[in-house]
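First the structure, in the form of C-alpha coordinates, and then the observations on it.
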Amino acid sequence: MFVSGLVSVFLFLHATGIDCAFTVTTSNADVRAKENEGADLYCTHSADFGANARVEWKFKDMKGSTTHVIFDGKPTTPYADRVTKFDGMLRFSKVTRKDNGEYYCAVSGSQKFGEVKVKLTVLVPPSMPMCRVPTSVTTARSALLSCHDAQGSPPPTYKWYKDNNPLPEDPSKFAAFRNYTYKINTVNGNLEFPLASKMDTGDYSCEAVNDAGPAKRCEAVRMEVHDINTGGIVAGVIVALLALALLGFGLWYARRKGYLPKKSASQPKPSVVYQPTSEYGDEEDGEFKQKSSFVV
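If you count by mature numbering (1 follows the signal peptide of the UniProt record, and there is no 0), then the sequence shown holds residues -20 to -1, 1 to 276, one letter each, in order.
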(Lines of atoms letter the chains of each structure in order from A and count residues from 1; the text may use other names and numbers.)
(Lines give C-alpha, C1' and ligand atoms only; values in the text may rest on other atoms or scores of the structure.)
Protein backbone atom coordinates (compact mmCIF):
# COMPACT_ATOMS: atom_id res chain seq x y z
CA MET A 1 0.00 0.00 0.00
CA PHE A 2 2.92 2.33 0.81
CA VAL A 3 4.48 1.61 -2.59
CA SER A 4 1.22 2.25 -4.37
CA GLY A 5 1.01 5.57 -2.51
CA LEU A 6 4.44 6.62 -3.76
CA VAL A 7 3.49 5.63 -7.30
CA SER A 8 0.32 7.69 -7.00
CA VAL A 9 2.32 10.73 -5.85
CA PHE A 10 4.77 10.28 -8.72
CA LEU A 11 1.98 9.99 -11.26
CA PHE A 12 0.29 13.07 -9.79
CA LEU A 13 3.49 15.16 -9.97
CA HIS A 14 4.18 13.93 -13.47
CA ALA A 15 0.62 14.74 -14.57
CA THR A 16 0.81 18.26 -13.14
CA GLY A 17 4.11 18.92 -14.87
CA ILE A 18 6.19 19.31 -11.69
CA ASP A 19 9.76 18.15 -12.29
CA CYS A 20 11.19 16.32 -9.27
CA ALA A 21 14.51 15.58 -10.94
CA PHE A 22 17.81 17.11 -9.84
CA THR A 23 16.80 17.77 -6.24
CA VAL A 24 19.04 18.49 -3.25
CA THR A 25 17.48 18.03 0.20
CA THR A 26 18.34 17.79 3.89
CA SER A 27 16.71 15.89 6.72
CA ASN A 28 17.44 18.66 9.23
CA ALA A 29 17.64 22.27 8.11
CA ASP A 30 18.17 23.65 11.65
CA VAL A 31 20.96 21.91 13.55
CA ARG A 32 21.71 22.84 17.16
CA ALA A 33 24.79 21.61 19.02
CA LYS A 34 26.56 22.50 22.26
CA GLU A 35 29.95 24.19 22.00
CA ASN A 36 32.91 21.77 21.92
CA GLU A 37 30.63 18.88 20.98
CA GLY A 38 30.04 17.20 17.61
CA ALA A 39 27.44 18.04 14.97
CA ASP A 40 26.18 16.33 11.77
CA LEU A 41 24.85 18.24 8.75
CA TYR A 42 22.89 16.18 6.22
CA CYS A 43 22.60 16.63 2.46
CA THR A 44 21.29 14.21 -0.15
CA HIS A 45 20.67 14.57 -3.86
CA SER A 46 18.78 12.73 -6.56
CA ALA A 47 20.49 10.25 -8.87
CA ASP A 48 19.93 12.53 -11.83
CA PHE A 49 23.18 14.35 -11.06
CA GLY A 50 25.07 11.17 -12.01
CA ALA A 51 27.43 8.83 -10.22
CA ASN A 52 30.24 11.38 -10.29
CA ALA A 53 28.26 14.34 -8.97
CA ARG A 54 30.39 17.06 -7.39
CA VAL A 55 29.39 17.95 -3.82
CA GLU A 56 30.77 21.05 -2.08
CA TRP A 57 30.00 22.67 1.27
CA LYS A 58 30.20 26.43 1.86
CA PHE A 59 29.88 28.38 5.07
CA LYS A 60 28.34 31.84 5.47
CA ASP A 61 29.05 33.38 8.88
CA MET A 62 26.94 35.85 10.86
CA LYS A 63 28.68 38.79 9.17
CA GLY A 64 27.97 37.55 5.65
CA SER A 65 31.45 36.27 4.73
CA THR A 66 31.51 33.03 2.73
CA THR A 67 34.25 30.37 2.76
CA HIS A 68 34.61 26.78 1.53
CA VAL A 69 34.39 23.92 4.01
CA ILE A 70 34.62 21.10 1.45
CA PHE A 71 36.29 21.83 -1.88
CA ASP A 72 37.30 19.28 -4.52
CA GLY A 73 36.10 16.53 -2.18
CA LYS A 74 38.38 17.51 0.74
CA PRO A 75 38.09 19.76 3.82
CA THR A 76 39.84 23.10 3.44
CA THR A 77 42.72 24.03 5.76
CA PRO A 78 40.69 25.71 8.55
CA TYR A 79 38.49 22.57 8.88
CA ALA A 80 40.96 19.78 8.10
CA ASP A 81 41.40 18.68 11.72
CA ARG A 82 37.73 18.57 12.76
CA VAL A 83 35.53 18.01 9.68
CA THR A 84 34.91 14.75 7.79
CA LYS A 85 32.82 14.36 4.62
CA PHE A 86 30.64 11.28 4.15
CA ASP A 87 28.07 10.44 1.52
CA GLY A 88 25.09 12.57 2.39
CA MET A 89 26.64 14.06 5.53
CA LEU A 90 29.18 16.58 6.85
CA ARG A 91 30.42 15.73 10.35
CA PHE A 92 32.05 18.13 12.85
CA SER A 93 34.00 16.41 15.60
CA LYS A 94 33.81 19.67 17.61
CA VAL A 95 32.04 22.98 17.01
CA THR A 96 32.82 26.43 18.41
CA ARG A 97 30.79 29.64 18.52
CA LYS A 98 32.64 30.76 15.38
CA ASP A 99 30.83 27.99 13.49
CA ASN A 100 27.48 29.76 13.95
CA GLY A 101 25.93 30.46 10.56
CA GLU A 102 24.53 28.90 7.39
CA TYR A 103 26.00 25.97 5.48
CA TYR A 104 25.22 25.41 1.80
CA CYS A 105 25.45 21.97 0.24
CA ALA A 106 25.97 22.54 -3.51
CA VAL A 107 25.65 19.64 -5.96
CA SER A 108 26.53 19.78 -9.66
CA GLY A 109 26.48 17.13 -12.37
CA SER A 110 24.94 16.29 -15.72
CA GLN A 111 25.12 20.02 -16.49
CA LYS A 112 22.72 20.73 -13.62
CA PHE A 113 23.12 22.47 -10.25
CA GLY A 114 21.22 22.23 -6.98
CA GLU A 115 21.69 23.58 -3.47
CA VAL A 116 20.23 23.29 0.04
CA LYS A 117 20.82 25.38 3.17
CA VAL A 118 21.46 24.06 6.68
CA LYS A 119 21.58 26.43 9.65
CA LEU A 120 23.94 25.57 12.51
CA THR A 121 23.43 27.13 15.94
CA VAL A 122 26.19 26.53 18.46
CA LEU A 123 24.76 26.68 21.98
CA VAL A 124 26.72 28.86 24.44
CA PRO A 125 25.18 29.89 27.79
CA PRO A 126 25.04 33.62 28.58
CA SER A 127 27.93 35.25 30.41
CA MET A 128 27.68 38.09 32.91
CA PRO A 129 26.24 40.98 30.88
CA MET A 130 27.90 44.39 30.86
CA CYS A 131 25.45 46.91 32.31
CA ARG A 132 25.71 50.71 32.17
CA VAL A 133 23.42 52.66 34.51
CA PRO A 134 23.72 56.44 35.10
CA THR A 135 23.92 57.19 38.82
CA SER A 136 22.48 60.72 38.62
CA VAL A 137 19.69 61.94 36.33
CA THR A 138 17.81 65.26 36.26
CA THR A 139 14.03 65.21 36.13
CA ALA A 140 12.41 65.74 32.73
CA ARG A 141 15.67 64.68 31.03
CA SER A 142 16.24 61.46 29.10
CA ALA A 143 18.20 58.54 30.57
CA LEU A 144 19.60 55.47 28.77
CA LEU A 145 20.52 52.21 30.51
CA SER A 146 22.31 49.58 28.39
CA CYS A 147 23.00 45.86 28.76
CA HIS A 148 24.98 43.51 26.48
CA ASP A 149 26.41 40.00 26.47
CA ALA A 150 28.77 39.18 23.58
CA GLN A 151 29.33 35.50 24.49
CA GLY A 152 25.90 33.85 24.52
CA SER A 153 24.69 31.86 21.50
CA PRO A 154 22.05 32.12 20.22
CA PRO A 155 22.18 35.87 20.97
CA PRO A 156 20.49 36.43 24.35
CA THR A 157 17.41 38.49 25.00
CA TYR A 158 17.39 40.87 27.95
CA LYS A 159 15.25 41.55 31.01
CA TRP A 160 15.51 44.55 33.32
CA TYR A 161 14.85 44.65 37.05
CA LYS A 162 14.13 47.59 39.36
CA ASP A 163 14.65 47.01 43.08
CA ASN A 164 14.88 43.27 42.23
CA ASN A 165 11.42 43.30 40.60
CA PRO A 166 11.10 42.52 36.85
CA LEU A 167 10.01 45.42 34.65
CA PRO A 168 7.29 44.44 32.14
CA GLU A 169 8.17 45.04 28.49
CA ASP A 170 4.95 47.05 28.03
CA PRO A 171 4.19 48.98 31.25
CA SER A 172 0.82 50.19 29.96
CA LYS A 173 -0.59 46.66 30.30
CA PHE A 174 -0.02 46.52 34.06
CA ALA A 175 -1.85 48.73 36.54
CA ALA A 176 1.19 49.07 38.82
CA PHE A 177 3.31 50.43 35.95
CA ARG A 178 0.88 52.60 33.99
CA ASN A 179 2.51 55.81 35.19
CA TYR A 180 5.92 54.69 33.94
CA THR A 181 7.20 55.99 30.59
CA TYR A 182 10.23 53.75 30.03
CA LYS A 183 10.87 51.70 26.88
CA ILE A 184 12.59 48.29 26.88
CA ASN A 185 14.31 46.76 23.84
CA THR A 186 14.68 43.07 24.65
CA VAL A 187 16.90 42.48 21.60
CA ASN A 188 19.67 45.06 22.13
CA GLY A 189 19.22 45.37 25.92
CA ASN A 190 18.45 49.12 26.11
CA LEU A 191 16.18 50.59 28.81
CA GLU A 192 15.26 54.19 27.98
CA PHE A 193 13.50 56.86 30.01
CA PRO A 194 12.40 59.65 27.62
CA LEU A 195 11.45 61.94 30.55
CA ALA A 196 12.82 60.69 33.85
CA SER A 197 10.89 61.40 37.04
CA LYS A 198 11.60 60.88 40.72
CA MET A 199 9.55 57.69 40.70
CA ASP A 200 12.22 56.18 38.41
CA THR A 201 14.80 56.32 41.21
CA GLY A 202 15.90 52.80 42.14
CA ASP A 203 18.40 49.94 41.88
CA TYR A 204 18.59 48.59 38.32
CA SER A 205 20.02 45.29 37.06
CA CYS A 206 19.83 43.41 33.75
CA GLU A 207 19.60 39.70 32.91
CA ALA A 208 20.77 37.94 29.75
CA VAL A 209 18.69 34.91 28.71
CA ASN A 210 18.94 32.18 26.04
CA ASP A 211 18.05 28.49 25.85
CA ALA A 212 21.66 27.26 26.00
CA GLY A 213 22.09 27.56 29.76
CA PRO A 214 21.18 29.45 32.93
CA ALA A 215 20.52 33.20 32.75
CA LYS A 216 23.09 35.64 34.10
CA ARG A 217 22.34 38.98 35.78
CA CYS A 218 24.68 41.91 36.44
CA GLU A 219 24.97 43.62 39.82
CA ALA A 220 22.40 46.29 40.59
CA VAL A 221 23.38 49.96 40.26
CA ARG A 222 21.35 52.75 41.88
CA MET A 223 20.02 55.57 39.70
CA GLU A 224 18.97 58.75 41.50
CA VAL A 225 16.57 61.14 39.78
CA HIS A 226 16.58 64.67 41.25
CA ASP A 227 15.19 68.11 40.46
CA ILE A 228 17.31 70.93 39.04
CA ASN A 229 19.13 72.66 41.94
CA THR A 230 17.99 76.25 41.23
CA GLY A 231 19.29 77.54 44.55
CA GLY A 232 22.73 76.09 43.88
CA ILE A 233 22.86 77.68 40.42
CA VAL A 234 21.90 81.13 41.84
CA ALA A 235 24.46 80.76 44.62
CA GLY A 236 27.14 79.85 42.09
CA VAL A 237 26.38 82.94 39.99
CA ILE A 238 26.54 85.19 43.08
CA VAL A 239 29.86 83.71 44.15
CA ALA A 240 31.27 84.24 40.63
CA LEU A 241 30.16 87.89 40.60
CA LEU A 242 31.66 88.49 44.06
CA ALA A 243 34.93 86.95 42.92
CA LEU A 244 35.07 89.26 39.89
CA ALA A 245 34.28 92.29 42.05
CA LEU A 246 36.99 91.33 44.56
CA LEU A 247 39.51 90.88 41.76
CA GLY A 248 38.69 94.31 40.34
CA PHE A 249 39.01 95.97 43.76
CA GLY A 250 42.35 94.23 44.35
CA LEU A 251 43.76 95.53 41.06
CA TRP A 252 42.52 99.05 41.79
CA TYR A 253 44.02 99.03 45.32
CA ALA A 254 47.37 97.67 44.15
CA ARG A 255 47.66 100.37 41.48
CA ARG A 256 46.77 103.09 43.94
CA LYS A 257 49.44 101.95 46.40
CA GLY A 258 52.01 101.76 43.67
CA TYR A 259 52.39 97.99 43.76
CA LEU A 260 51.81 97.88 40.04
CA PRO A 261 54.09 99.75 37.59
CA LYS A 262 52.56 102.94 36.24
CA LYS A 263 52.61 103.74 32.59
CA SER A 264 55.25 106.45 31.97
CA ALA A 265 53.95 109.43 29.98
CA SER A 266 55.93 110.01 26.84
CA GLN A 267 57.80 113.34 27.02
CA PRO A 268 59.24 115.08 23.96
CA LYS A 269 63.02 115.00 23.73
CA PRO A 270 64.59 118.48 24.32
CA SER A 271 65.93 120.00 21.17
CA VAL A 272 69.50 121.40 21.37
CA VAL A 273 70.51 124.29 19.13
CA TYR A 274 74.21 124.70 18.48
CA GLN A 275 75.40 128.28 18.02
CA PRO A 276 78.86 128.73 16.51
CA THR A 277 81.45 130.94 18.21
CA SER A 278 81.48 134.52 17.04
CA GLU A 279 84.57 135.68 15.24
CA TYR A 280 84.76 138.66 17.56
CA GLY A 281 85.42 136.58 20.62
CA ASP A 282 82.31 136.79 22.70
CA GLU A 283 83.60 134.21 25.13
CA GLU A 284 85.75 135.24 28.05
CA ASP A 285 87.52 133.07 30.52
CA GLY A 286 85.92 129.95 29.01
CA GLU A 287 82.45 131.16 29.84
CA PHE A 288 79.58 131.42 27.42
CA LYS A 289 77.80 134.78 27.48
CA GLN A 290 74.23 135.06 26.24
CA LYS A 291 73.64 137.82 23.71
CA SER A 292 70.67 140.01 23.44
CA SER A 293 68.38 139.35 20.55
CA PHE A 294 65.69 141.50 19.04
CA VAL A 295 62.41 140.18 17.79
CA VAL A 296 60.65 142.29 15.17
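Ideal placement from N, C-alpha and C gives every residue a C-beta, glycine not left out. Predicted model, so just to flag it, every value in this text is computed and none were measured.
For Tyr184, the enclosing beta strand (DSSP E) stretches over residues Gly182 to Val189. Taking a contact as a CB-CB distance under 8 Å, the pair Ser122 and Pro174 counts as one, their CB atoms being some 6 Å apart. Note that the region 9 to 18 does not touch the region 45 to 59; fewer than 3 beta-carbon pairs, one per stretch, sit closer than 8 Å. Asn32 and Ile164 have their C-alpha atoms some 55 Å from each other. Take Arg77, set aside five residues on each side of it, and the residues of its chain with a beta-carbon closer than 7 Å to its own are Glu15, Val102, Val104 and Ser133, in chain order.
Contact between Phe66 and Phe29 does not hold, since the beta-carbon distance rounds to 17 Å and is not under 8 Å.
For Met69, the enclosing beta strand (DSSP E) stretches over residues Met69 to Phe72. If you ignore the 5 residues before and after Cys111, its C-beta comes within less than 6 Å of the C-beta of Cys127, Cys186 and Cys198, all in its own chain and listed in chain order. Under DSSP, Trp37 forms a beta bridge with Ile50 and Cys85.
In the DSSP assignment, Cys111 falls within the unbroken beta strand (DSSP E) covering Met110 to Arg112. With contacts defined as CB atoms closer than 8 Å, Val87 and Gly81 fail to qualify as a contacting pair. As computed with DSSP, Asp20 is found in a beta bridge with Arg71.
Counting only the Cα atoms, Leu147 lies some 6 Å from Trp140. The Cβ atoms of Val75 and Glu17 lie closer than 8 Å to each other. About 5 Å separates the Cβ atoms of Arg71 and Asp20, confirming a contact at the 8 Å cut-off. For Lys54, the closest alpha carbon among the candidates Thr47, Thr46 and Val63 is that of Val63. Straight across, the Cα-Cα distance linking Gly228 with Arg235 is about 11 Å.
For Cys127, the beta-bridge partners assigned by DSSP are Cys111.
Checking the DSSP bridge columns, you'll see Phe93 partnered with Ser88. Distance from the CA of Lys153 to the CA of Ala188, rounded to the nearest whole angstrom, comes to 23 Å.
Asp180 has its alpha-carbon roughly 11 Å from the corresponding atom of Asp143.
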